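With the numbering used here applied, the sequence shown covers 774 to 849. Structure first, commentary second.
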Amino acid sequence: IIHTIEENHKYYGHYHTAGVPGRNEIDESQELYDPAIMEAILKTGFKGVVAQEFIPQNRTNNGFDSLADSIRRCDV
């Protein structure tokens with residue numbers, strides 16, 4: 774993923790995150806390490822939008838706690 778970003782970033786207008794597998798919360802159970810991916814995006818000089826998609830499995834606070842945690846994990 775990081776290599777693809779480095780090689781093709783000039784073609785991307787935005788980025789989109791989601792949990793892998795399952796499109797659930799971005800946490801330690803996921804296959805991708807989002808902080809490293811976000812660092813790679815930042816290094817390209819990207820100044821646009823990174824959207825987050827997930828289906829919260831933790832239903833407390835209607836998923837807002839999970840969203841806040843996902844934002845923290847992607848803040849570089």
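Quick reminder that beta carbons are idealized off the backbone N, C-alpha and C, glycines included. Please read these numbers as outputs of a predicted model, since none were measured by experiment.
Closest residue to residue i among the options (Cα-Cα distance)
| i | options | result |
| --- | --- | --- |
| Y806 | T817, F819, G792 and L815 | G792 |
| E804 | I774, G836, K820 and D838 | I774 |
Collapsed DSSP secondary structure at residue i in the structure displayed
| i | result |
| --- | --- |
| Y785 | coil |
| T790 | strand |
| E804 | coil |
Beta-carbon spacing of residue i, residue j below 9 Å
| i | j | result |
| --- | --- | --- |
| M811 | D848 | yes |
| E798 | F837 | no |
| A813 | H787 | no |
| E779 | K816 | yes |
Residue i versus residue j - alpha carbon distance
| i | j | result |
| --- | --- | --- |
| K783 | P808 | 21 Å |
| Y785 | T777 | 11 Å |
Classification of residue i by the beta-carbon crowding that lies within 10 angstroms, buried from 16 upward
| i | result |
| --- | --- |
| S839 | buried |
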